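Novice: One structure, as structure tokens, below. Some questions next.
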Amino acid sequence: MHKFYEIINRKGIDLEMIACALNISTKRLEEILELEDPLEQFDEMQYGEFFRVLDIPDTSDTGDVNMEDIKNINDDIRNFDDVISSMRKFQKDRKFLNIDSRMEVLKNLYNEIDKREDDIADALRLDLGKSEEEAFLTEILMLKTELRYLIRKARKFASPKMVKSSIFNFPSKNYILNEPYGLVLVVSPWNYPFNLSIIPFAGAIASGNSVILKPSSQSKYTTKIMEDIIRASVPIEYGYLLTGMNANEISMREKFDFIFFTGGEDTGRKFYEKAARDMCPFVLELGGKSPAIILDDADIELSVKRLLFGKLLNSGQTCVSVDYVYCSEKVMDRFLKEVENVLEKRYSSWIDSDKFGKIINDDEYSRLKSVINEELEYQRNIGAIKDINIENNISFDDKRRKISPVVFVTDEKSPLMKRENFGPVLPIIGFSDVDKVLDKINSKKTPLAFYVFSKDEKKAMEIMKRVSFGGGAINDTIQHIVGEVPFGGFKDSGMGKYHGKDTYFTFVHEKTVMSKSLAFDMKVRYPGEDISLIKKIFG
Numbered sequence: 143m144h145k146f147y148e149i150i151n152r153k154g155i156d157l158e159m160i161a162c163a164l165n166i167s168t169k170r171l172e173e174i175l176e177l178e179d180p181l182e183q184f185d186e187m188q189y190g191e192f193f194r195v196l197d198i199p200d201t202s203d204t205g206d207v208n209m210e211d212i213k214n215i216n217d218d219i220r221n222f223d224d225v226i227s228s229m230r231k232f233q234k235d236r237k238f239l240n241i242d243s244r245m246e247v248l249k250n251l252y253n254e255i256d257k258r259e260d261d262i263a264d265a266l267r268l269d270l271g272k273s274e275e276e277a278f279l280t281e282i283l284m285l286k287t288e289l290r291y292l293i294r295k296a297r298k299f300a301s302p303k304m305v306k307s308s309i310f311n312f313p314s315k316n317y318i319l320n321e322p323y324g325l326v327l328v329v330s331p332w333n334y335p336f337n338l339s340i341i342p343f344a345g346a347i348a349s350g351n352s353v354i355l356k357p358s359s360q361s362k363y364t365t366k367i368m369e370d371i372i373r374a375s376v377p378i379e380y381g382y383l384l385t386g387m388n389a390n391e392i393s394m395r396e397k398f399d400f401i402f403f404t405g406g407e408d409t410g411r412k413f414y415e416k417a418a419r420d421m422c423p424f425v426l427e428l429g430g431k432s433p434a435i436i437l438d439d440a441d442i443e444l445s446v447k448r449l450l451f452g453k454l455l456n457s458g459q460t461c462v463s464v465d466y467v468y469c470s471e472k473v474m475d476r477f478l479k480e481v482e483n484v485l486e487k488r489y490s491s492w493i494d495s496d497k498f499g500k501i502i503n504d505d506e507y508s509r510l511k512s513v514i515n516e517e518l519e520y521q522r523n524i525g526a527i528k529d530i531n532i533e534n535n536i537s538f539d540d541k542r543r544k545i546s547p548v549v550f551v552t553d554e555k556s557p558l559m560k561r562e563n564f565g566p567v568l569p570i571i572g573f574s575d576v577d578k579v580l581d582k583i584n585s586k587k588t589p590l591a592f593y594v595f596s597k598d599e600k601k602a603m604e605i606m607k608r609v610s611f612g613g614g615a616i617n618d619t620i621q622h623i624v625g626e627v628p629f630g631g632f633k634d635s636g637m638g639k640y641h642g643k644d645t646y647f648t649f650v651h652e653k654t655v656m657s658k659s660l661a662f663d664m665k666v667r668y669p670g671e672d673i674s675l676i677k678k679i680f681g
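Just so we're aligned, residue 143 is where the sequence shown starts under my numbering, counting upward by one.
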């Protein structure tokens, strides 16, 4: 709609800034603005946010101003300013030093989550179609395990740690003290909206910070239950969930002492730029095209079962999901046959069963349909290399936003190899030379995860050493993120880490304090003293 372009140009507003506030790509925003009625493409939160960023009142076709919406936005800002003031005073008064109070907050948060498990599962079902089992295993259980760990370990982590002193400081003691950064922003995504929100939120509180949590507007049911849980268990000076029409704008406007972002590259880049402007530390958890390699000595039956689990969990909407597979040509036929068997045995009821999830929103659903259709056209143009799910067997449910698992045997030029698929679509490429495969992987952007399937652990480990990635597994997928081990991206797939002790230490500054004895003073450090003995011993 050209009138919006006129307003944007007149006010000098960057389209990228609007897209970031709406949590969509700039390209998608441009497509929407070209439509006859672009506002129909926005959900309730995006609708209000659009007018908010443009700094104009929401008007109907008659030009009447919707004053109630404007009033709500202004009220939200005033309320948030009060929250920030409370948090900054809490940090200034050093009240975070009370570790007992922190532990009490974490215990209350844990108990509230424990009490509301059924409500959490219902919200995840409404947002993503997750089954009760998947919701518990991938979101609730992982979170409760992390919370129990923090409650058990945070007191020890918070205590000063004595470390060995240098002989040049004899006699002295060295301590490392942990100080929270202060005001922390946690920005979380929609694909695991409970897990990826509350784990860093809880870690920042355990470390003594005051935390603003800004979840995705796409997972609105989970956001609502999180808001209820946090309000019931976390004092406002410790943590606050920021939502509403102006949440994106507020989070970009406020100056924070630390930012923890999980999500897509486009929005992550905006928050990275904000962190640079604010000169604050930053953790960036992205995704990427994560490959798997099937070697000719792999246990095909078990490998396929574990690989498809990692691919199809949450309908493929997982940052560490297998995005594409390189399979040795020596075992390709056996591999494809087993893929067919597992899909038929475990996933054949995908469209009709409540055990399998749905695509998060209409935009993502349309994108995936388009990607699949592009690949089908590509396969026809090159003479249909092979595909397991032939065109007639690919099922779509537009009403429920469900797509049956789709597996293609293709090549490097496939449309599926251009970007992260992030859905139940899996390209498989045959290979005869593993060295060439590793060269291809290393020529692409650094993936968040990497998987190798082989009975020879030593050979698989050598392959692991030759590829850059965030984290990975031999003979399994996704499970490497479980437990007290660090999880995070590397290079293109992000920076920083959490889980286990890193969920605590990511959010603190470790500062060194030396305590020097008054009983002895090493005179050689002063001007005019003879240092020949020091040079003889240590030089």
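Using N, Cα and C, we set each Cβ at its ideal position, and we do this for glycine too. Note that the coordinates shown come from a computational prediction; the quantities given were computed from them, not determined experimentally.
According to DSSP, is Leu-450 helix, strand or coil?
Specialist: Helix, per DSSP.
Novice: If the criterion is Cβ atoms closer than 9 Å, does the pair Met-656 and Ser-307 meet it?
Specialist: Contact flag set, yes.
Novice: Ser-330 to Val-467, Cα distance in whole Å?
Specialist: Computed Cα separation, rounded: 28 Å.
Novice: Output needed for Arg-542: all residues of its chain with C-beta closer than 7 Å, excluding positions within five of it in sequence on either side, in chain order.
Specialist: For Arg-542, where only same-chain residues beyond five positions count, the Cβ hits under 7 Å are Lys-500.
Novice: Roughly how many angstroms lie between the CA atoms of Asn-515 and Leu-580, to the nearest whole one?
Specialist: Rounded to the nearest angstrom, the two C-alpha atoms are 29 Å apart.
Novice: Could you tell me which residues DSSP puts in a beta bridge with Leu-304?
Specialist: Reading off the sequence shown, one finds Met at residue 304, where the question assumed Leu. Looking at the DSSP assignment, Met-304 forms a beta bridge with Tyr-317.
Novice: In chain order, which beta strand (DSSP E) runs of at least 3 residues are fully inside the region 586-625?
Specialist: Runs of the beta strand (DSSP E) inside the region 586-625: 591-595, 613-616.
Novice: Whole angstroms is fine: what's the gap from Ile-493's alpha carbon to Val-549's?
Specialist: Each residue's Cα considered, the two are about 16 Å apart.
Novice: Who are the near neighbours of Asp-439 in its chain, counting only those whose CB is closer than 7 Å to its CB and skipping five residues on each side?
Specialist: So the qualifying residues of the chain are Ser-596, Lys-597, Asp-598.
Novice: How would you call Arg-448, buried or exposed, if buried means at least 16 neighbouring beta carbons within 10 angstroms?
Specialist: Its Cβ being crowded by 16 or more others within 10 Å, Arg-448 is buried.
Novice: Closer than 7 Å by C-beta to Asn-503: which residues in its own chain qualify, once you throw out the five before and the five after it? Chain order, please.
Specialist: For Asn-503, where only same-chain residues beyond five positions count, the Cβ hits under 7 Å are Gln-360.
Novice: In this structure, what does DSSP give as the bridge partners for His-651?
Specialist: In the DSSP output, where bridge partners are listed per residue, His-651 has Glu-321.
Novice: Can you give me the C-alpha to C-alpha distance between Gly-345 and Lys-295, rounded to a whole angstrom?
Specialist: Each residue's alpha carbon lies about 11 Å from the other.
Novice: Confirm, please, whether the CB-CB distance from Ile-442 to Glu-480 is below 9 Å.
Specialist: Going by C-beta atoms, Glu-480 is nearer than 9 Å to Ile-442.
Novice: Taking three-plus beta-carbon pairs below 8 Å as touching, is the region 547-566 in contact with the region 453-463?
Specialist: Yes, the region 547-566 is in contact with the region 453-463.
Novice: Quick one: what does DSSP say Glu-427 is sitting in, helix, strand or coil?
Specialist: Three-state result, Glu-427: strand.
Novice: Quick check on DSSP: helix, strand or coil for Pro-566?
Specialist: Coil at Pro-566, not helix or strand.
Novice: Specify the secondary structure class of Thr-645 as computed by DSSP and reduced to three states.
Specialist: Thr-645: helix per DSSP, three-state reduction.
Novice: Rounded to whole angstroms, what is the Cα-Cα separation between Asp-634 and Glu-276?
Specialist: Each residue's Cα considered, the two are about 29 Å apart.
Novice: State the DSSP-derived secondary structure class of Ser-162, mapped to helix, strand or coil.
Specialist: In the sequence as displayed, the identity of residue 162 is Cys instead of Ser. Helix, per DSSP.
Novice: If you compare alpha carbons, which of Arg-476, Lys-315, Lys-487, Asp-223 is closest to Leu-437?
Specialist: Out of Arg-476, Lys-315, Lys-487, Asp-223, Arg-476 has the C-alpha closest to the C-alpha of Leu-437.
Novice: Looking at Tyr-92: is its Cβ nearer than 9 Å to the Cβ of Pro-423?
Specialist: Outside the modelled stretch of the chain, which goes from 143 to 681, sits residue 92, for which no answer is possible.
Novice: Could you pull out every residue in the same chain whose Cβ sits closer than 6 Å to the Cβ of Thr-280, ignoring the five residues on either side in sequence?
Specialist: None.
Novice: First and last residue of the beta strand (DSSP E) that includes Tyr-468?
Specialist: Tyr-468 -> beta strand (DSSP E) spans 466-470.
Novice: Enumerate, from N- to C-terminal direction, the unbroken beta strand (DSSP E) stretches of 3 or more residues contained entirely within the region 327-359.
Specialist: Within the region 327-359, the complete beta strand (DSSP E) runs of at least 3 residues are 352-356.
Novice: Using CA atoms only, rank isn't needed, just tell me which of Asp-618, Phe-629, Ala-602 is closest to Gly-612.
Specialist: For the residues Asp-618, Phe-629, Ala-602, the minimum Cα distance to Gly-612 belongs to Phe-629.
Novice: On the DSSP bridge list, what partners appear for Ala-434?
Specialist: According to DSSP, Ala-434 bridges with Val-467, Tyr-593.
Novice: Terminal residues of the continuous alpha helix (DSSP H) containing Tyr-252?
Specialist: 241-257 is the span of the alpha helix (DSSP H), which, as asked, contains Tyr-252.
Novice: Quick one: Cα of Val-606 to Cα of Thr-645, how far?
Specialist: It is worth fixing the name first, because residue 606 is Met in this sequence and not Val. Each residue's alpha carbon lies about 25 Å from the other.
Novice: Let me know the secondary structure DSSP gives Met-421 once reduced to three states.
Specialist: In the structure shown, Met-421 sits in coil (DSSP, three-state: anything other than H, G, I, E or B).
Novice: Does the beta-carbon distance from Ile-347 to Leu-444 come in below 9 Å?
Specialist: Not closer than 9 Å, so no.
Novice: Would you grab the beta carbon distance between Ser-432 and Val-462 for me? Rounded to a whole angstrom, and I think it's under 8 Å.
Specialist: With 8 Å as the limit, Ser-432 and Val-462 qualify as a contact, their Cβ atoms being about 6 Å apart.
Novice: In the DSSP assignment, what residue or residues form a beta bridge with Met-637?
Specialist: DSSP, once it has assigned bridges, lists Leu-426 as partnering Met-637.
Novice: Are Tyr-129 and Thr-654 closer than 9 Å when you measure CB to CB?
Specialist: Summary: the structure shown does not reach residue 129, with the chain confined to residues 143 through 681, and so no result is reported for it.
Novice: To the nearest angstrom, how far is it from the Cα of Asp-408 to the Cα of Phe-312?
Specialist: Roughly 52 Å separates the two Cα atoms.
Novice: Kindly indicate which three-state DSSP category Phe-299 falls into: helix, strand or coil?
Specialist: If DSSP states are grouped into helix, strand and coil, Phe-299 belongs with the helices.
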